[in-house]
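Engineer:
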Amino acid sequence: MAQYYTYQLFDFLHRVAANNNREWFHAHKSEYDELRALWMEDLDRLISLMTAWEPQLASQSAKSCAYRFYRDTRFSLDKSPYKTFFSAAISPWGRKLPRAGFYLHMGIDEENLWGGSGLYGGLWCPDTSTLRKLRHAIVDNIEEFEEIINNPEFLKYYPSWIGDSLKNVPKEWNKEHPQAELLKLKEYGRLNSCKEAFFRNPAWVEIAAHRFSLLKPLVDFINYSLDEEEPFTLKNI
């Protein structure tokens, strides 16, 4: 039986990390193209499975959700031309993620801020106004919010918040506020960290679709809370 392609995919990503230059990549471009095509097929399948519980994804595809493999080095001190991971933002807006959504990261260990590959869901890098609205929505609906984040199956795969936090409670809130730790968060997202072995399983797409579904109540809470304040449409992008 032929070995599942993700074995070769991770081997390729490790070799990119060791040879991150245009000459090496050009010599191995055909290998990249083959692996990328197989991964895009899996990504299309993942989106299709997620559409069963999130119908708003019906208009999306791997092409609209996948990020480029080529790095934008214009404003970075690191001039390495290629990423060492494949990634995609899955939302009704594709990879343009103006609200909470889902994120897939497949790469070598410790490549991203969270320490490697995984399944992420939530709101990343919101602006000050959005963050203020969400904090008020959480406090005003704390019982609903806590029911979502304390669901046992949710906690099994998404045990803690991922992202930056303030050292102190925002000035507009009492420092002894009962939701002080939630109010300190600057991002509202959770991560199911997945090692390379997870993606070597040919059933990873089906497993990921299920685990992403556990994030839907959190993503929905964030989005409808923000949309109550200011309904969002594609015209806002």
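Numbering-wise (our numbering), the sequence shown opens with residue 17 and increments by one. Glycine included, each C-beta is placed from N, C-alpha and C at the ideal position. None of these values were measured; they are calculated from a predicted model.
(1) How many angstroms separate the CA atom of residue 32 from the CA atom of residue 179?
(2) Tell me the DSSP secondary structure of residue 154 in three-state form.
(3) Which first and last residues belong to the alpha helix (DSSP H) in which residue 29 is found?
(4) Thinking C-alpha only, which one of 185, 166, 118 is nearest residue 59?
(5) Is there a Cβ from chain B that is less than 8 Å from the Cβ of residue 46?
(6) Taking residue 172 as the reference, which of 230, 134, 205, 109 has the closest Cα?
(7) What does the Cβ neighbour count give for residue 100, buried or exposed, with the cut at 16 atoms within 10 Å?
(8) If distances are taken between C-alpha atoms only, which option among 215, 164, 156 comes closest to residue 7?
(9) Classify residue 26 as buried or exposed, calling it buried when 16 or more other Cβ atoms lie within 10 Å of its own Cβ.
(10) Please classify residue 91 as buried or exposed, where buried requires at least 16 other C-beta atoms within 10 Å of its C-beta.
(11) Would you list the one or two residues that DSSP bridges to residue 118?
(12) Are residue 113 and residue 225 touching if we call contact CB-CB under 8 Å?
Structural biologist: By the coordinates alone:
(1) In the sequence shown, counting from the first residue as 1, residue 32 sits at position 16. In the sequence shown, counting from the first residue as 1, residue 179 sits at position 163. Just so you know, the alpha carbons of residue 32 and residue 179 end up roughly 27 Å apart.
(2) Counting from one through the sequence shown, the residue named residue 154 turns up at place 138. In the structure shown, the three-state DSSP call for residue 154 is helix.
(3) By 1-based counting over the sequence shown, the position of residue 29 is 13. Unbroken alpha helix (DSSP H) run through residue 29: 21-34.
(4) Stepping through the sequence shown from its first residue, residue 59 is reached at position 43. That would be 118, whose Cα lies nearest to the Cα of residue 59.
(5) Among the chains in the structure shown there is no chain B, since it carries only a single protein chain.
(6) Here residue 172 refers to the residue found at position 156 of the sequence shown. It is 230 whose Cα lies nearest to the Cα of residue 172.
(7) Locating residue 100 in the sequence shown gives position 84, counting from the first residue. Looking at its Cβ environment, which holds 16 or more other Cβ atoms inside 10 Å, residue 100 is buried.
(8) Outside the displayed span of the chain (17 to 253) sits residue 7, for which this structure offers no information.
(9) Sequence index remark: in the sequence shown, residue 26 carries index 10 (1-based). The residue is buried, with at least 16 neighbouring Cβ atoms inside 10 Å.
(10) Within the sequence shown, numbered from 1, the residue matching residue 91 stands at position 75. Residue 91 comes out exposed.
(11) Here residue 118 is taken as the residue at index 102 of the sequence shown, counted from 1. Residue 118 is bridged by DSSP to 106, 137.
(12) Locating residue 113 in the sequence shown gives position 97, counting from the first residue. Locating residue 225 in the sequence shown gives position 209, counting from the first residue. Inclusion of residue 113 and residue 225 in the CB contact set at 8 Å is not warranted, their separation being larger than that value.
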